[in-house]
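Asks: 20 is the number of the first residue of the sequence shown in the numbering used here; add one for each residue after it.
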Amino acid sequence: MKPVFLVGFMGSGKSTVGKKLATALNLNFLDIDTVFEEKYHMSIQAFFEKYGEPLFRKFEHEILLLTCTGQNVLVSTGGGTPCFGNSMELMRQHGLTVYLSMPPAALASRLLNAKRVRPLIQGMSETELLAFITNKLTEREAFYLKAHLIADAINFDIQGLANKIREYPNFDAKS
Ligand code: ADP
Ligand code: S3P
């Protein structure tokens with residue numbers, strides 16, 4: 020089976036929901052952020068501080084390229100992964116893309132309570148965070164909305180989405 024790629028904003032649940040969805044579909048689970056941190060032996064936050072975002076994007080893209088040829092895997096991407104270079108197109112060509120969609124206020128509320136530090140929003144107040152998400156999501160939806168499937172990340176229905184993925188027309192699930 021070709022890879023399934025989960026895309027969406029930080030906090031939409033790509034890692035949390037991705038693991039459960041992978042289990043429901045009997046697929047292996049791979050999180051690009053986790054692979055990155057293992058490969059470079061540091062947190063993404065530390066990498067941003069030491070080397071900056073452009074190098075992060077280059078290496079993130081290299082990891083994505085490796086996942087494109089994977090079989091029987093569900094890949095949870097980083098919030099920015101589809102939004103640089105031809106990454107969204109690559110994912111669309113090599114597998115099935117799923118956008119976990121959530122409105123800015125709900126994302127802000129999750130991110131304010133999240134334990135994991137995310138360098139792009141580190142230290143922001145609630146008001147700053149909401150403004151940042153609103154702007155960034157508008158920009159990024161130009162990429163996210165190209166996904167084959169769009170799922171409601173608030174009222175998330177794992178079995179419903181798993182069925183849609185299995186039944187997606189022309190998705191060569193057995194190859
Ligand atoms: P992403 O990988 O998209 O950045 P995460 O999976 O890390 O998102 O989730 C971000 C935060 O939201 C975490 O604190 C997580 O516990 C919480 N979360 C994720 N999915 C849900 C959900 N379906 N319902 C409630 N909280 C959730
Ligand atoms: C980023 C999202 C993060 C991580 C990095 C950059 C982004 O992943 O890749 O901090 O640009 O939105 P999550 O979406 O898993 O938080």
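Ideal Cβ positions, reconstructed from N, Cα and C, are used throughout, including at glycine. It should be emphasised that the depicted structure is a prediction, and the values quoted were computed from it without experimental measurement.
How long is the line joining the alpha carbons of T53 and A41, rounded to whole angstroms?
Replies: Position 34 of the sequence shown, counting from 1, holds the residue named residue 53. Position 22 of the sequence shown, counting from 1, holds the residue named residue 41. The straight-line gap separating the alpha-carbon atoms of T53 and A41 is approximately 16 Å.
Asks: Grouping DSSP H, G and I as helix and E and B as strand, with all else coil, what is T4?
Replies: Nothing about residue 4 can be reported from this structure: the residues present for the chain run from 20 to 194 only.
Asks: Could you check the C-alpha separation between V94 and L49 for me, to the nearest Å?
Replies: Residue mapping note: residue 94 aligns to position 75 of the sequence shown, counting from 1. Residue mapping note: residue 49 aligns to position 30 of the sequence shown, counting from 1. So the alpha carbons of these two residues sit roughly 5 Å apart.
Asks: Hey, would you say the C-beta of T35 is under 7 Å away from at least one heavy atom of the ligand ADP?
Replies: Locating residue 35 in the sequence shown gives position 16, where the first residue counts as 1. Checking every heavy atom of the ligand ADP against the Cβ of T35, one is found closer than 7 Å.
Asks: Checking the sheet assignment: what are the DSSP bridge partners for I169?
Replies: Indexing the sequence shown from 1 puts residue 169 at position 150. Y118, per the DSSP bridge assignment.
Asks: Since L119 contacts L25 with CB under 8 Å, what's their CB separation in whole angstroms?
Replies: As a position in the sequence shown, residue 119 is number 100, starting the count at 1. As a position in the sequence shown, residue 25 is number 6, starting the count at 1. At roughly 6 Å, the Cβ-Cβ gap stays under 8 Å, so L119 and L25 are in contact.
Asks: How would you label A170, buried or exposed, when you count the other beta carbons within 10 angstroms and need 16 or more for buried?
Replies: The count along the sequence shown starts at 1 and reaches residue 170 at position 151. A170 should be labelled buried.
Asks: With H, G and I counted as helix, E and B as strand and the rest as coil, what does DSSP make of V136?
Replies: As a position in the sequence shown, residue 136 is number 117, starting the count at 1. In the displayed model, V136 falls within coil according to three-state DSSP, outside both helix and strand.
Asks: May I have the straight-line CA-CA distance separating M121 from L149, to the nearest angstrom?
Replies: Here residue 121 corresponds to residue number 102 of the sequence shown, with the count starting at 1. Here residue 149 corresponds to residue number 130 of the sequence shown, with the count starting at 1. If you take the alpha carbons of M121 and L149, they lie about 13 Å apart.
Asks: So, with DSSP's three-state summary, where would you put A192?
Replies: The residue given as residue 192 occupies position 173 in the sequence shown. In this prediction, A192 has a pLDDT of 48, which is less than 50 and means its spatial position is unreliable; nothing more can be read from the coordinates.
Asks: If you run the structure through DSSP and keep just helix, strand and coil, what is S95?
Replies: Within the sequence shown, numbered from 1, the residue matching residue 95 stands at position 76. Three-state DSSP puts S95 in a strand.
Asks: DSSP state of L49, grouped into three classes?
Replies: The count along the sequence shown starts at 1 and reaches residue 49 at position 30. Strand at L49.
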